[in-house]
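To start, the structure under review is shown below, and the notes come after it.
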Amino acid sequence: MKLIAFHNIRLRSKMLIIYFLSVFIPVVLTNVIFYNITTNNVKNQKMRDLSLAMEQMRNELSYQADAVIGIATVLYTDAILNDYLDTKYVNDSDYVYNYHSYITDMLEKYTPVYRAIKSIELYTNNDTIIYGGYVYPISGINKQVSWYKQLMSSGTANPIIVEDSESVSKPALSVVVRMSNTTGLNVFDKIIKIDLHPELVKQILSNVTLEGNVYLMEGDKVHYKLYSGDKSMSDESEDGAIEIAEDLSGKSYFNNWRIVGKFQERQVLEEVRKSKEFVLYMALPNILIPSLIIIWFTRSLNQRLFRILKQMKRVKNHSFELIENEEMNDEIGQLTSEFNHMTMQLRSLIHDVYMADIQKKELELGRKQSQLHALQSQINPHFLFNSLETIRMRSLMKSEDETAKIIHHLAKIFRKSLSWGRDLVSVRDELDLVDSFLKIQKYRFGDKLDYLIEVDDDCVSRLIPKMTLQPLVENSSIHGIEPMKQPGFIRVSVRKSGTGIVCTIADNGVGMSAEKLSQLQSDMNHAEELGESIGMRNVFLRLKLFYGDEAKFSIDSVKDQGTTIRIEIQSL
1 MKLIAFHNIR LRSKMLIIYF LSVFIPVVLT NVIFYNITTN NVKNQKMRDL
51 SLAMEQMRNE LSYQADAVIG IATVLYTDAI LNDYLDTKYV NDSDYVYNYH
101 SYITDMLEKY TPVYRAIKSI ELYTNNDTII YGGYVYPISG INKQVSWYKQ
151 LMSSGTANPI IVEDSESVSK PALSVVVRMS NTTGLNVFDK IIKIDLHPEL
201 VKQILSNVTL EGNVYLMEGD KVHYKLYSGD KSMSDESEDG AIEIAEDLSG
251 KSYFNNWRIV GKFQERQVLE EVRKSKEFVL YMALPNILIP SLIIIWFTRS
301 LNQRLFRILK QMKRVKNHSF ELIENEEMND EIGQLTSEFN HMTMQLRSLI
351 HDVYMADIQK KELELGRKQS QLHALQSQIN PHFLFNSLET IRMRSLMKSE
401 DETAKIIHHL AKIFRKSLSW GRDLVSVRDE LDLVDSFLKI QKYRFGDKLD
451 YLIEVDDDCV SRLIPKMTLQ PLVENSSIHG IEPMKQPGFI RVSVRKSGTG
501 IVCTIADNGV GMSAEKLSQL QSDMNHAEEL GESIGMRNVF LRLKLFYGDE
551 AKFSIDSVKD QGTTIRIEIQ SL
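Residue numbers (the UniProt record's numbering): 1 to 572.
So, in structure tokens, the structure goes:
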């Protein structure tokens, strides 16, 4: 596979490519990877901390609930307490005595010891009991209250934890249990209700280090909601919040209970944001410092190279000013010194040699231009002499109207030759001159001469050197047709060929032998020597002066069969 080449890329672009590939992209990628790893680690650590805090709340709540459940278990299985509540008292004094003997000694010892207990209440339908203190009638319970309905519908003899909806303190959690009948001799219903201390529950549920909302829920029902930290997190802002739940169903008395924490991600990722700023502060110096250094070096290289390049372009326009060099020793400084040395040599060479050669070329061009005008001026007298001689002889022999036409064509030719003030004329003008000439010749030779002029429409406006075709047609008429005894024919055509044109002058005259044709072709290359065939050599010389190698001139001739001259101008 062919390697990518950077030879056509400017130096500044190359330095930018090096900068992006070697500095910017690696630094950015490194910092992005480092940032992602750091933020993921911080986020994972924060999530672990949050989970541990929620787990700690669950464990603490379970621990306190276990203590209360233990007390409830001791009480509802206590035979003395059951006997106290099942006894039918004859008089009030017996009840008061038993109350102080059992209730005071037994119940009051739990409340101050266990900080999770707010109060202990006993309910019974024994009408012989004086209600008050710790004992209350079951009939006084609102049968629609949530904790009573749950107890009645639980179908279990084990303690359960319920919410006391009638309590003004929140969260109001209670442990309730129906006491067992140990004697089996009575039918009194007995209920133990132990209220957990709300402040303790609040303290447990607020033990979290991150801001958010903590819920104590039974199924989908929220029993308690605690704002932890900033209370600005509303229920609407909980959409998309991070949610962590700790299930309390591992305890039979916490049936379908759980603690749910909802925390805003921006709060959880606060440390992530700080780490992002840290990574950014670390990345900026890694990018800025190399960037400034590369800009410094690039500017030093680019400005100096651009100055050399700019001066080299001026040399192309013949401005040979030297570059101010501060004698720097690096490669660009050496290049500047060598350029100045080369410039001084070129300036000296141009003034000593090139200018002299230019003057010589200008003189040679002037000489050839003078020769060109001399060659062109030789055509008109020669042609006019023959034409006027013919008219004179015909006028002496007879008087005809055709003489006026011939004089008209002759005047037309003479006028065009004098009015052409430029070197190039259109093909249309050149063929108009040829047509006038051939009409004069046809008047001269009569039926002995016939001709045809053909031209493509795309060629009539093309420019060619003036007097290009007329001298060749004149040669065909005089040297090809005039010596013949039988009638002759001249065909002139101008055709389009690619981007150029092809001009053909063909006659069926006397033609030339192979030796004479070879000699004529050899003489054509000696342009300075003027002799015979001056018209043809004049055309050949002018074509070479105007077009150089883009003009091709060829002559084909066969003895007693005719001559064909072909001119091809490749780009016109």
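For glycine and all other residues, C-beta sits at the position ideal for the given N, C-alpha and C.
Next on the checklist: List, from N- to C-terminal side, the alpha helix (DSSP H) runs of 4 residues or more that fit wholly inside the region 188-228.
Outcome noted: 198-205
Checklist entry - Taking Leu410 as the reference, which of Asp423, Val427 and Asp435 has the closest Cα? => result In the sequence shown, residue 410 corresponds to position 410, counting from 1. Comparing Cα-Cα distances from Leu410 to each of Asp423, Val427 and Asp435, the minimum goes to Asp435.
Next on the checklist: Given this structure, state the Cα-to-Cα distance separating Met524 from Gly498, to the nearest angstrom.
Outcome noted: For the purposes of this step, residue 524 is taken as the residue at position 524 of the sequence shown. For the purposes of this step, residue 498 is taken as the residue at position 498 of the sequence shown. So the alpha carbons of these two residues sit roughly 27 Å apart.
Checklist entry - Of the residues Ser154, Val177, Ile565 and Gln144, which one's Cα is nearest the Cα of Glu166? => result Mapped onto the sequence shown, residue 166 falls at position 166. For the residues Ser154, Val177, Ile565 and Gln144, the minimum Cα distance to Glu166 belongs to Gln144.
Checklist entry - Looking at Val539 and Thr468, is the spacing between their C-beta atoms short of 8 Å? => result In the sequence shown, residue 468 corresponds to position 468, counting from 1. In the sequence shown, residue 539 corresponds to position 539, counting from 1. Going by C-beta atoms, Thr468 is nearer than 8 Å to Val539.
Item to check | Among Thr564, Ile555, Ser554 and Tyr547, nearest to Leu572 - alpha-carbon criterion | outcome: Reading the sequence shown from its first residue, position 572 is the one you call residue 572. The shortest Cα separation from Leu572 among Thr564, Ile555, Ser554 and Tyr547 belongs to Tyr547.
Next on the checklist: Helix, strand or coil for Leu322? Go by DSSP, reduced to three states.
Outcome noted: The residue you call residue 322 lines up with position 322 of the sequence shown. Here Leu322 sits in coil by DSSP.
Next on the checklist: So, at 7 Å on beta carbons, what are the nonlocal neighbours of His223 in its own chain, with the 5 sequence-adjacent residues on each side left out?
Outcome noted: Indexing the sequence shown from 1 puts residue 223 at position 223. The residues are Glu163, Pro171, Leu216 and Met217.
Checklist entry - Using 8 Å as the threshold, is the region 95-103 in touch with the region 272-290, meaning 3 or more CB pairs across them? => result no
Next on the checklist: For the structure I just gave you, are there three or more beta carbon pairs, one from the region 470-490 and one from the region 433-449, closer than 8 Å?
Outcome noted: yes
Next on the checklist: Buried or exposed, going by whether 16 or more other CB atoms sit within 10 Å of the CB of Phe254?
Outcome noted: For the purposes of this step, residue 254 is taken as residue 254 along the sequence shown, with counting starting at 1. Under this definition Phe254 is a buried residue.
Checklist entry - Under the criterion of a Cβ to heavy atom distance below 7 Å, does Ile294 qualify as lining the ligand SAH? => result The ligand SAH is absent from the structure shown, which contains no ligand whatsoever.
Item to check | Length-filtered (4 minimum) alpha helix (DSSP H) runs lying within the region 447-495 | outcome: 470-475
Checklist entry - Whole-angstrom Cβ separation of Met54 and Ile242, contact assumed at under 8 Å? => result Looking up residue 54 in the sequence shown gives position 54. Looking up residue 242 in the sequence shown gives position 242. 11 Å between Cβ atoms; not a contact.
Next on the checklist: Which same chain residues end up closer than 8 Å to Leu85 when comparing Cβ atoms and leaving out the 5 residues on each side of it in sequence?
Outcome noted: As a first step, residue 85 must be located in the sequence shown, where it is residue number 85. Short of 8 Å from the beta carbon of Leu85, and not among the five residues preceding or following it, lie these beta carbons of its own chain, in chain order: Leu122, Thr124, Asn126, Ile129, Val135, Met179, Phe188 and Lys190.
Item to check | Where Arg304 falls: helix, strand or coil (DSSP) | outcome: The residue you call residue 304 lines up with position 304 of the sequence shown. Shown here, Arg304 sits in a helix according to DSSP, grouped into three states.
Checklist entry - Secondary structure at Pro26, three-state DSSP: helix, strand or coil? => result Residue numbering aside, residue 26 sits at position 26 when the sequence shown is read from its first letter. If DSSP states are grouped into helix, strand and coil, Pro26 belongs with the helices.
Next on the checklist: Suppose the cutoff is 6 Å on Cβ atoms and the five residues either side in sequence are ignored; what does the same chain contact list for Ala506 look like?
Outcome noted: Mapped onto the sequence shown, residue 506 falls at position 506. Excluding residues within five positions, the ones whose Cβ falls inside 6 Å are Arg491 and Thr564.
Checklist entry - From Ile69 to Tyr131, what does the alpha carbon distance come to, in whole angstroms? => result Walking along the sequence shown from the start, residue 69 turns up at place 69. Walking along the sequence shown from the start, residue 131 turns up at place 131. Rounded to whole angstroms, Ile69 to Tyr131 spans 25 Å at the Cα level.
Checklist entry - With Ile323 and Arg307 assumed to form a contact (beta carbons below 8 Å), what rounded beta-carbon distance in angstroms separates them? => result In the sequence shown, residue 323 corresponds to position 323, counting from 1. In the sequence shown, residue 307 corresponds to position 307, counting from 1. Correct: roughly 6 Å between the Cβ atoms.
Item to check | Straight-line gap, Ser461 to Ser300 (C-alpha atoms, nearest Å) | outcome: Here residue 461 corresponds to residue number 461 of the sequence shown, with the count starting at 1. Here residue 300 corresponds to residue number 300 of the sequence shown, with the count starting at 1. Between the C-alpha atoms of Ser461 and Ser300 there is a straight-line separation of about 58 Å.
Item to check | Of the residues Asp549, Ile71 and Gly562, the one placed nearest Gln570, counting alpha carbons only | outcome: One-based indexing of the sequence shown puts residue 570 at position 570. Selected option, being the one with the closest Cα: Asp549.
Item to check | Reduced DSSP category for Thr563 - H, G, I as helix; E, B as strand; rest coil | outcome: Locating residue 563 in the sequence shown gives position 563, counting from the first residue. In the structure shown, Thr563 sits in a strand (DSSP, three-state: E or B).
Checklist entry - Which residue comes first and which comes last in the alpha helix (DSSP H) that contains Glu331? => result Stepping through the sequence shown from its first residue, residue 331 is reached at position 331. Its alpha helix (DSSP H) spans residues Glu331 to Leu349.
Checklist entry - Mapping DSSP to helix, strand and coil, what is Ala72? => result Here residue 72 refers to the residue found at position 72 of the sequence shown. Of the three classes helix, strand and coil, the one that applies to Ala72 here is helix, per DSSP.
Checklist entry - Do you know whose CA, among Val74, Val260, Pro159 and Met152, lies nearest Leu50's CA? => result Counting from 1 along the sequence shown, the entry for residue 50 is found at position 50. It is Val260 whose Cα lies nearest to the Cα of Leu50.
Item to check | Proximity of Ile160 and Leu151 at Cβ, strictly below 8 Å | outcome: As a working note, residue 160 is residue 160 in the sequence shown. As a working note, residue 151 is residue 151 in the sequence shown. Leu151 is positioned such that its CB atom lies closer than 8 Å to that of Ile160.
Checklist entry - Can you tell me where the alpha helix (DSSP H) with Asp247 in it begins and where it stops? => result The residue you call residue 247 lines up with position 247 of the sequence shown. Element bounds for Asp247: not the alpha helix (DSSP H) but the beta strand (DSSP E), Ile242 to Asp247.
Checklist entry - Mapping DSSP to helix, strand and coil, what is Asp556? => result As a first step, residue 556 is located in the sequence shown; it is residue number 556 there, counting from the start. In the structure shown, Asp556 sits in a strand (DSSP, three-state: E or B).
Checklist entry - Name the DSSP beta bridge partners of Asp507, please? => result Along the sequence shown, one-based indexing puts residue 507 at 507. DSSP output for Asp507 lists Ile490 and Thr563 as bridge partner(s).
Checklist entry - At what residues does the beta strand (DSSP E) containing Tyr123 begin and finish? => result For the purposes of this step, residue 123 is taken as the residue at position 123 of the sequence shown. Ile117 to Thr124 is the extent of the beta strand (DSSP E) around Tyr123.
Next on the checklist: DSSP three-state label for Gly548, please.
Outcome noted: Position 548 of the sequence shown holds residue 548. Looking at Gly548 - three-state DSSP - the assignment turns out to be helix.
Item to check | Status (buried if at least 16 other CB within 10 Å, exposed otherwise) for Val214 | outcome: Taking the sequence shown and counting its residues from 1, one reaches residue 214 at position 214. Counting other Cβ atoms within 10 Å of its Cβ, Val214 reaches 16 or more and is therefore classed as buried.
Item to check | Candidates Thr73, Tyr102, Val74 and Leu75: closest to Thr87 by CA position | outcome: As a first step, residue 87 must be located in the sequence shown, where it is residue number 87. The shortest C-alpha separation from Thr87 is found at Tyr102.
Item to check | Three-way DSSP call (helix, strand, coil) for residue 574 in this model | outcome: Limits of the chain in this structure are 1 at one end and 572 at the other, which puts residue 574 out of reach.
Next on the checklist: Just to confirm before moving on: does the CB-CB distance between Met57 and Ile204 stay below 8 Å?
Outcome noted: Position 57 of the sequence shown holds residue 57. Position 204 of the sequence shown holds residue 204. Result yes, Cβ atoms of Met57 and Ile204 sit closer than 8 Å.
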